[in-house]
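What follows is one structure encoded as structure tokens, with my remarks underneath.
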């Protein structure tokens, strides 16, 4: 059943506050939704027909395309730079369980109204849905609606190592001027999760933890963004990718908004157990609401399509699927109810 995106919370988690002075997001002035010139499907990455049919979209990733006008890109650059003082590193988050060491800002939608309104823009979501060939909306976990990645302090470190995403869909938006950078390309491994698992030695379910070594160069494609305000859209849990290190110090800022399928019968690929380790304020409550949203979509469909002559086993299976959404988030930290 296709449902509607969750509304953005009325209350900020403790510890967050909006920027006191920032641009106001205006779709008419700030959006320039131009279709990508090239799209690589999951088939191009080597996924077989069964895997593609099980995925919410056939799309793997796109070539860079413009999403923001020059004015919108300038506003985004200003916001990303203003938020840099809140930057942290994954290795400094005590509860984090991955191998990635990027310098990043989490909870951007709780710190910037500009980011909040961009990430929750239905104009953008509808446009990306057309590219994906499936309805998607702003992620049901607000903390996953956007991250900002910054260049790490050590130039020899990759901006972000090879990994798959812990959510399904996102786009990577260049927020700083790429003409000032040497290195820092966005790279994609032309292979499947299984092939990446074999190449990295990571289990197929651990690819989102990150791998800080090289993958075969003849099996990667590299992109430079034409300008700030350009994006690459991807089904990131299927696409193994990284942001390569800079060849010399520079300001590299990318904004990464996340999205979720609106069909609640599509298997949820959000790695809720891993997301729970991110340590962001309010994330536990977000996860519980996420499970409730998925279950509610299934329950509403079951209620709305009620037929007293329907197959009881099929009805029970749909009810069980809704319950499993709730059980899945409750099982992450059993003491949430205490």
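In this note's numbering, the protein residues as written are 75 to 412. The beta carbon of each residue, even a glycine, is placed where N, CA and C say it ideally should be. Predicted model only: the values in this text are computed from it and were never measured.
Among the options, which has the Cα closest to the Cα of residue i?
| i | options | result |
| --- | --- | --- |
| residue 132 | 313, 303, 104, 377 | 313 |
| residue 331 | 115, 351, 307 | 307 |
| residue 222 | 231, 162, 238, 396 | 162 |
| residue 301 | 122, 194, 119, 150 | 150 |
| residue 113 | 383, 193, 202, 157 | 202 |
| residue 340 | 130, 93, 90 | 130 |
| residue 361 | 378, 158, 285, 406 | 406 |
| residue 95 | 266, 254, 154 | 154 |
| residue 148 | 117, 100, 122 | 100 |
Take the Cβ of residue i as the centre, count every other Cβ of all protein chains shown within 10 Å, and call the residue buried at 16 or more, exposed below.
| i | result |
| --- | --- |
| residue 182 | buried |
| residue 425 | The chain is shown from 75 up to 412; residue 425 falls before or after that span and cannot be answered. |
| residue 84 | exposed |
| residue 188 | buried |
| residue 177 | buried |
| residue 214 | buried |
| residue 88 | exposed |
| residue 98 | exposed |
| residue 250 | buried |
| residue 271 | buried |
| residue 266 | buried |
Apart from the five residues just before and just after residue i, which ones in its own chain have a Cβ nearer than 7 Å to its Cβ?
| i | result |
| --- | --- |
| residue 211 | 79, 199, 333, 334, 336 |
| residue 396 | 369, 372, 373 |
Please state the DSSP three-state secondary structure of residue i.
| i | result |
| --- | --- |
| residue 99 | coil |
| residue 349 | helix |
| residue 245 | strand |
| residue 389 | helix |
| residue 184 | helix |
| residue 327 | strand |
| residue 79 | coil |
| residue 240 | coil |
| residue 313 | coil |
| residue 222 | strand |
| residue 151 | helix |
| residue 297 | strand |
| residue 140 | strand |
Report all residues from its chain with a CB closer than 6 Å to the CB of residue i; omit the five preceding and five following residues, and keep chain order.
| i | result |
| --- | --- |
| residue 399 | 365, 368, 369 |
| residue 76 | 209, 336, 337 |
| residue 82 | 194 |
| residue 240 | 282, 345, 348, 349 |
| residue 227 | none |
| residue 107 | 201 |
By Cβ distance, which residues of its chain are closer than 8 Å to residue i, with the 5 residues on each side in sequence left out?
| i | result |
| --- | --- |
| residue 322 | 229, 256, 257 |
| residue 180 | 162, 217, 221, 352, 354 |
| residue 205 | 109, 110, 113, 133, 136, 307 |
| residue 105 | 141, 142, 143, 146, 195, 197, 198 |
| residue 297 | 137, 138, 259, 260, 261, 262, 306 |
If contacts are defined as beta-carbon pairs under 8 Å, then residue i and residue j qualify, I think. What distance do you get, rounded to the angstrom?
| i | j | result |
| --- | --- | --- |
| residue 247 | residue 143 | That belief does not hold up - the Cβ atoms of residue 247 and residue 143 are roughly 13 Å apart, past 8 Å. |
| residue 103 | residue 146 | 7 Å |
| residue 243 | residue 310 | 7 Å |
| residue 316 | residue 237 | 7 Å |
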